[in-house]
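Visitor: Take a look at the following structure, please.
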Amino acid sequence: MAEEKFQFQSEAAELLKMMINSVYSNRDIFLRELISNASDALDKRRIERLRNSELADFTPEIRIAWDKEGRTLSVSDNGIGMTRDEMIQYLGTIAKSGTKEFLAAVKQEENQDQLIGQFGVGFYSVFMVADSVEVVSRKLGTAEACRFTSDGDGSYTLSEAARDCGTTVTLHLRPMAEGGKDYADEWTLRDIIHQYSDFIAWPIVMSVTRHKDGKETVEDETVNSQKAIWCRSESEVKEEEYREFYRHLTHDWKEPLAHIRLSAEGATSFKGLLFLPSEAPFDLFMNPKAGGISLYINRVFIMNDCQDLIPEYMRFLRGVVDSDDLPLNISREILQDEPIIRVIRRSTQRKVFNELKKMLESDREKYEKFWAAFGRIFKEGIVQDHEHAKTILDLALFHTTAGEENGGWTTLAAYRERMKPDQKGIYCLAGRDIAALKSSPKLEPFTKKGYEVLLMTDPVDEVILANVSMMGEDFPKLLNVGSGSVTPEGEEEQKENETRLKDMESDFAPLKEQALSALSERLEDVRPSLALTDSPACLRDSPNGLSFQMEQLLRAAGQTPPPQKRILELNVEHPLIRKLMGMAKDKDPQTADLISILYDQSLLLEGAALADPASFAKRVDKVMAQALGA
Ligand code: ADP
């Protein structure tokens with residue numbers, strides 16, 4: 023095979039250009055990225071070997087070599103290696119999640135430095151320090167090796183090569199910048215490895231030359247401690263070591279929000295280290311199985327994404343669990359039936375609950391960040407895990423009308439403390455977004471009386487609302503104020519209102535009749551109300567149909583539920599409605615238009631889209647023209 027030339031895919035080329043022109047002061051991270059890739063490749067080969075005993079045994083190693091005069095540096099591993107196609111796919115293309123986001127951020131940001139430092143820029147970071155790079159790799163189980171070379175000009179070449187299974191990345195270093203570091207120097211390299219890659223589980227080996235008693239000796243030396251970070255005592259591990267480890271594990275360029283140490287001794291002993299990321303990765307909500315706990319057995323990596331170790335509603339956690347009690351050749355399939363895994367899972371679950379509780383009590387700001395990112399997922403546990411439903415509900419935060427002094431969030435416990443003695447339960451209102459909920463007329467009867475209402479915007483909230491009975495007898499009921507059947511009035515007041523409404527019945531009847539005939543397909547009933555204050559009208563769900571939220575949810579999921587008829591509640595104390603009642607009585611032909619506008623407005627207030635916006639606009643035009651005498 024002769025040498026062939028290829029163009030980088032455009033995003034890769036862009037990232038490349040950025041690295042070449044980078045003025046980022048911390049170029050050291052290129053070595054972290056190369057060592058991290060080498061370590062992953064060794065993990066992969068080891069696992070292949072565990073699965074397939076016919077493969078030859080091997081001694082995993084990452085080797086660093088340099089040539090001071092020739093200004094080269096190489097990182098080699100005897101890991102899984104890459105085929106020619108994989109080199110095109112992995113080195114010529116970027117498939118990494120978050121790259122687009124990163125490129126967009128860099129374009130806006132003046133301070134490119136910081137971003138480059140945070141982001142796992144992977145292989146491309148070599149161009150911060152090298153003007154050309156060569157990768158020679160041979161995939162496990164194949165006979166040929168392939169050479170990839172690029173000098174970062176937007177193209178690369180591929181040609182034949184020879185080597186054993188594994189990969190060598192050789193950098194042709196740029197001339198040393200003034201005051202810059204020499205990456206072809208033993209002590210510089212040692213420092214960097216110590217700082218960023220000490221925890222790497224495989225030996226990072228250098229062949230070092232020493233002069234002693236006039237004699238020169240050359241010896242292999244392992245320069246990392248290889249100590250698993252989760253096996254070291256808590257006090258011994260520095261915050262930045264946790265950060266580096268998290269980055270190695272997740273390739274997430276943002277700092278984790280917190281880490282949780284796991285440790286159990288006894289019949290089943292295990293250790294572990296979990297991280298709460300600071301933001302949800304983009305696929306977390308779409309893919310409920312995108313879990314990220316790696317299983318280690320006796321300090322050795324076995325598999326990533328081990329979903330049986332945590333419940334699904336904790337799938338935002340990242341980290342490792344390490345047990346000595348499992349057989350090394352354990353497979354994914356038998357994992358879930360393994361009693362030890364079940365023990366680990368229960369104990370991990372408990373620990374996570376405890377840590378979250380601690381955070382809620384001691385660092386509210388951090389907890390709110392966690393909740394904003396993952397609360398939606400965590401809450402699924404209320405429905406999935408009956409045993410812990412109460413624990414999760416106690417950890418849940420809800421938006422509330424009680425205002426910004428609570429940061430807009432409250433726990434149920436805090437709500438209960440603020441409850442007024444005459445309240446019938448915990449009031450809540452479900453809807454699509456906070457802004458729409460905050461301006462909902464349905465809140466008026468409650469805020470008028472000074473009652474606080476929880477605002478619920480997640481799909482799962484609706485299910486929680488429907489399942490409150492699980493909380494036990496002494497727990498106040500969650501009352502959905504959107505339903506129309508929940509009122510804030512006491513018995514006496516209610517009776518009084520009923521009498522007043524009865525007296526008004528004949529005055530209201532013509533308006534009701536005309537509204538029902540104008541909106542016959544959408545309304546089940548039109549009712550007078552004394553509960554609203556500022557708003558003239560609001561829409562309620564019919565108890566006979568789907569809730570409006572559910573209907574929207576089904577539509578969003580691609581289903582087509584039949585259109586639901588709803589109930590229009592009109593505020594008979596509002597001047598507009600009083601006027602309309604008069605117009606209806608006089609059979610004013612404009613009544614129908616006005617009532618249709620009111621209906622559409624009520625829909626808009628719920629954050630919903632109008633079925634026929636053109637007709638709405640036309641009606642509003644007509645009414646405006648009339649008002650202006652045009
Ligand atoms: P990342 O490691 O974040 O996925 P990189 O740009 O560093 O991104 O690497 C891209 C891919 O190239 C890796 O995911 C891996 O599949 C492959 N790769 C890189 N280095 C090696 C290596 N030393 N051995 C085997 N595969 C490698």
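In the working numbering, the protein residues as written are 23 to 652.
Yeah, the Cβ is synthetic: ideal placement off N, Cα and C, and Gly gets one too.
(1) Should Ala394 be labelled buried (16 or more other beta-carbon atoms within 10 Å of its own) or exposed?
(2) Does Val30 come out as helix, strand or coil in the three-state DSSP assignment?
(3) With H, G and I counted as helix, E and B as strand and the rest as coil, what does DSSP make of Lys234?
(4) When you compare only the Cα positions, how much space is there between Lys379 and Ile282?
(5) How many angstroms separate the CA atom of Leu211 from the CA atom of Tyr205?
(6) Just the C-alpha distance for Phe145 and Ile226, rounded to the nearest angstrom, thanks.
(7) Is DSSP giving Ala167 helix, strand or coil here?
(8) Flag this pair as yes or no: are the beta carbons of Arg438 and Pro498 separated by less than 8 angstroms?
(9) Can you give, in chain order, each stretch of the beta strand (DSSP E) that sits fully within the stretch 310-338 and has at least 3 residues?
(10) On the DSSP bridge assignment, give the partners of Arg340 in chain order.
(11) Pull up the distance between the alpha-carbon of Ala647 and that of Arg544, whole angstroms please.
(12) Grouping DSSP H, G and I as helix and E and B as strand, with all else coil, what is Tyr437?
(13) According to DSSP, which residues form a beta bridge with Pro550?
(14) Trp224: buried (16+ other C-beta within 10 angstroms of its C-beta) or exposed?
(15) For Met228, does the three-state DSSP call read helix, strand or coil?
(16) Considering only the beta carbon of each residue, do Leu626 and Leu632 sit closer than 8 angstroms?
(17) Buried or exposed, going by whether 16 or more other CB atoms sit within 10 Å of the CB of Lys311?
(18) Please give the ranges of any alpha helix (DSSP H) in the stretch 443-531, keeping only runs that are unbroken, at least 4 residues long and fully inside the region.
(19) Can we count Tyr112 as close to ligand 1, meaning its CB is less than 7 angstroms from some heavy atom?
(20) Report yes or no: do three or more beta-carbon pairs, one from the stretch 529-542 and one from the stretch 443-461, lie closer than 8 angstroms?
(21) Just to confirm, is the Cβ distance from Ala152 to Arg196 under 8 angstroms?
(22) Helix, strand or coil for Gly92? Go by DSSP, reduced to three states.
(23) Opposite Phe292 in the DSSP bridges: which residues?
(24) Less than 8 angstroms between the CB atoms is what I'm expecting for Leu476 and Phe420, so what's the real figure, rounded?
(25) Is it the case that the Cβ atoms of Phe570 and Pro510 are separated by a distance below 8 angstroms?
(26) Alpha carbon to alpha carbon, what distance is there between Ala559 and Pro463?
(27) Can you find the residues in the same chain that come closer than 7 angstroms, C-beta to C-beta, to Tyr112, ignoring five residues on each side of it along the sequence?
(28) Tell me the DSSP secondary structure of Glu25 in three-state form.
(29) Assuming the contact rule is C-beta atoms closer than 8 angstroms, Asp330 and Arg367 should be a hit. Round their C-beta distance to whole Å, please.
(30) Tell me whether the beta-carbon of Leu382 lies closer than 8 angstroms to the beta-carbon of Leu415.
(31) Would you list the one or two residues that DSSP bridges to Trp431?
(32) Any contact of the stretch 268-276 with the stretch 226-242, i.e. 3+ C-beta pairs under 8 angstroms?
(33) Contact between the stretch 341-351 and the stretch 288-298 is defined here as three or more beta-carbon pairs at a separation below 8 angstroms; is this criterion met?
(34) Where does Cys253 fall in DSSP's three states?
(35) Would the beta-carbon of Met104 be found less than 7 angstroms away from any heavy atom of ligand 1?
(36) Report back the beta-carbon spacing between Met41 and Ser177 to the nearest angstrom; my notes put them in contact at under 8 angstroms.
Guide: According to the structure shown:
(1) As a first step, residue 394 is located in the sequence shown; it is residue number 372 there, counting from the start. Looking at its Cβ environment, which holds fewer than 16 other Cβ atoms inside 10 Å, Ala394 is exposed.
(2) Counting from one through the sequence shown, the residue named residue 30 turns up at place 8. Val is not the amino acid found at residue 30; the sequence shown has Phe there. Here Phe30 sits in coil by DSSP.
(3) Taking the first residue of the sequence shown as 1, we reach residue 234 at position 212. In the structure shown, Lys234 sits in a strand (DSSP, three-state: E or B).
(4) One-based indexing of the sequence shown puts residue 379 at position 357. One-based indexing of the sequence shown puts residue 282 at position 260. Computed Cα separation, rounded: 12 angstroms.
(5) The count along the sequence shown starts at 1 and reaches residue 211 at position 189. The count along the sequence shown starts at 1 and reaches residue 205 at position 183. Straight-line Cα distance between these residues: approximately 6 angstroms.
(6) Sequence index remark: in the sequence shown, residue 145 carries index 123 (1-based). Sequence index remark: in the sequence shown, residue 226 carries index 204 (1-based). The straight-line gap from Cα to Cα measures roughly 18 angstroms.
(7) Along the sequence shown, read from residue 1 onward, the residue named residue 167 stands at position 145. Ala167: strand per DSSP, three-state reduction.
(8) Position 416 of the sequence shown, counted from the first residue, corresponds to residue 438. Position 476 of the sequence shown, counted from the first residue, corresponds to residue 498. Contact: yes.
(9) 314-319, 322-325
(10) By one-based count along the sequence shown, residue 340 stands at place 318. Arg340 is bridged to Phe297, Gly314.
(11) The count along the sequence shown starts at 1 and reaches residue 647 at position 625. The count along the sequence shown starts at 1 and reaches residue 544 at position 522. Those two C-alpha atoms are separated by around 27 angstroms.
(12) For the purposes of this step, residue 437 is taken as the residue at position 415 of the sequence shown. Reduced to three states, the DSSP call for Tyr437 is helix.
(13) Counting from one through the sequence shown, the residue named residue 550 turns up at place 528. Beta-bridge pairing links Pro550 to Leu592.
(14) In the sequence shown, residue 224 corresponds to position 202, counting from 1. Per the 10 Å Cβ criterion, buried.
(15) Taking the sequence shown and counting its residues from 1, one reaches residue 228 at position 206. Reduced to three states, the DSSP call for Met228 is strand.
(16) By 1-based counting over the sequence shown, the position of residue 626 is 604. By 1-based counting over the sequence shown, the position of residue 632 is 610. A contact, by the Cβ cut-off of 8 angstroms.
(17) Here residue 311 refers to the residue found at position 289 of the sequence shown. Any reading at Lys311 is ruled out, since the residue's pLDDT is 47, under 50, leaving its predicted position unreliable.
(18) 456-460, 466-470, 481-488
(19) Locating residue 112 in the sequence shown gives position 90, counting from the first residue. Indeed, a heavy atom of ligand 1 lies less than 7 angstroms from the Cβ.
(20) no
(21) Here residue 152 refers to the residue found at position 130 of the sequence shown. Here residue 196 refers to the residue found at position 174 of the sequence shown. Contact flag set, yes.
(22) Translated into positions along the sequence shown, residue 92 becomes position 70. In the structure shown, Gly92 sits in coil (DSSP, three-state: anything other than H, G, I, E or B).
(23) Stepping through the sequence shown from its first residue, residue 292 is reached at position 270. Paired residue(s): Ala286, Ser345.
(24) Reading the sequence shown from its first residue, position 454 is the one you call residue 476. Reading the sequence shown from its first residue, position 398 is the one you call residue 420. Indeed, because the Cβ distance is near 4 angstroms, the residues count as touching under 8 angstroms.
(25) The residue labelled residue 570 in the question sits at position 548 within the sequence shown. The residue labelled residue 510 in the question sits at position 488 within the sequence shown. The answer is no: Cβ separation not under 8 angstroms.
(26) Your numbering for residue 463 matches position 441 in the sequence shown. Your numbering for residue 559 matches position 537 in the sequence shown. When rounded, the distance between both Cα atoms is 7 angstroms.
(27) As a working mapping, residue 112 is identified with position 90 in the sequence shown. The residues are Met104.
(28) By 1-based counting over the sequence shown, the position of residue 25 is 3. If DSSP states are grouped into helix, strand and coil, Glu25 belongs with coil.
(29) Indexing the sequence shown from 1 puts residue 330 at position 308. Indexing the sequence shown from 1 puts residue 367 at position 345. That pair is a contact at about 7 angstroms.
(30) Taking the first residue of the sequence shown as position 1, residue 382 is located at position 360. Taking the first residue of the sequence shown as position 1, residue 415 is located at position 393. Their beta carbons are not under 8 angstroms apart, which means Leu382 does not touch Leu415 by this criterion.
(31) As a first step, residue 431 must be located in the sequence shown, where it is residue number 409. DSSP, once it has assigned bridges, lists His421 as partnering Trp431.
(32) no
(33) yes
(34) By one-based count along the sequence shown, residue 253 stands at place 231. The answer is helix: DSSP assigns Cys253 an H, G or I state.
(35) Within the sequence shown, numbered from 1, the residue matching residue 104 stands at position 82. Yes, since a heavy atom of ligand 1 falls inside the 7 angstroms radius drawn around the Cβ of Met104.
(36) Numbered from 1 along the sequence shown, position 19 holds the residue referred to as residue 41. Numbered from 1 along the sequence shown, position 155 holds the residue referred to as residue 177. Going by Cβ atoms, the distance from Met41 to Ser177 rounds to 15 angstroms, so no, they are not a contact pair.
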